[in-house]
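Peer 1:
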Amino acid sequence: MKSDASQSPLDPVTSADAGSSYGKDRRTDRLLRKPDVTARTGLSVSAIYRLETAGRFPPRRRIGLRSVAWYESDIEEFIADPPGYRSGTG
Numbered sequence: 015m016k017s018d019a020s021q022s023p024l025d026p027v028t029s030a031d032a033g034s035s036y037g038k039d040r041r042t043d044r045l046l047r048k049p050d051v052t053a054r055t056g057l058s059v060s061a062i063y064r065l066e067t068a069g070r071f072p073p074r075r076r077i078g079l080r081s082v083a084w085y086e087s088d089i090e091e092f093i094a095d096p097p098g099y100r101s102g103t104g
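The number in our numbering is simply the position in the sequence shown, starting from 1, with 14 added.
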């Protein structure tokens with residue numbers, strides 16, 4: 015088993031990785047690219063990055079050397095309660 019430091023961002027998600035983010039099973043979770051995320055949330059790219067840095071928006075995942083995406087379930091969770099997302103109030 016490879017350590018996290020040596021794992022390539024292009025390695026497929028394994029069953030061990032699939033549920034590692036907050037106990038979610040990621041094997042069936044869709045990945046949304048930037049245009050889909052901005053359309054669903056109504057936020058600009060800079061607003062998304064600003065909120066993400068502050069821990070108030072789901073983290074993006076690297077899916078290629080120059081590509082990122084977000085898990086659909088994380089975006090849906092954010093849309094359901096934007097002010098309460100990871101703030102402890104939701």
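The beta-carbon is built from N, C-alpha and C at its ideal position, and this holds for glycine as well.
How is the beta strand (DSSP E) around A83 delimited, first residue to last?
Peer 2: Run containing A83: V82 to Y85, per the beta strand (DSSP E) assignment.
Peer 1: By how many angstroms is the C-alpha of A83 removed from the C-alpha of L45?
Peer 2: Approximately 6 Å, taken between the alpha carbons.
Peer 1: On the premise that T52 lies in contact with K60, defined as a C-beta separation below 8 Å, what is that separation, rounded to the nearest angstrom?
Peer 2: Looking at the sequence provided, one finds Ser at residue 60 rather than Lys. Between T52 and S60 the Cβ distance is about 10 Å, and since that is not below 8 Å, they are no contact.
Peer 1: Assuming T55 contacts I89 under a Cβ cut-off of 8 Å, what Cβ separation, rounded to an integer in Å, is found between them?
Peer 2: Contact holds; Cβ gap of about 7 Å.
Peer 1: Tell me whether R70 sits in a helix, a strand or coil according to DSSP, three-state version.
Peer 2: If DSSP states are grouped into helix, strand and coil, R70 belongs with coil.
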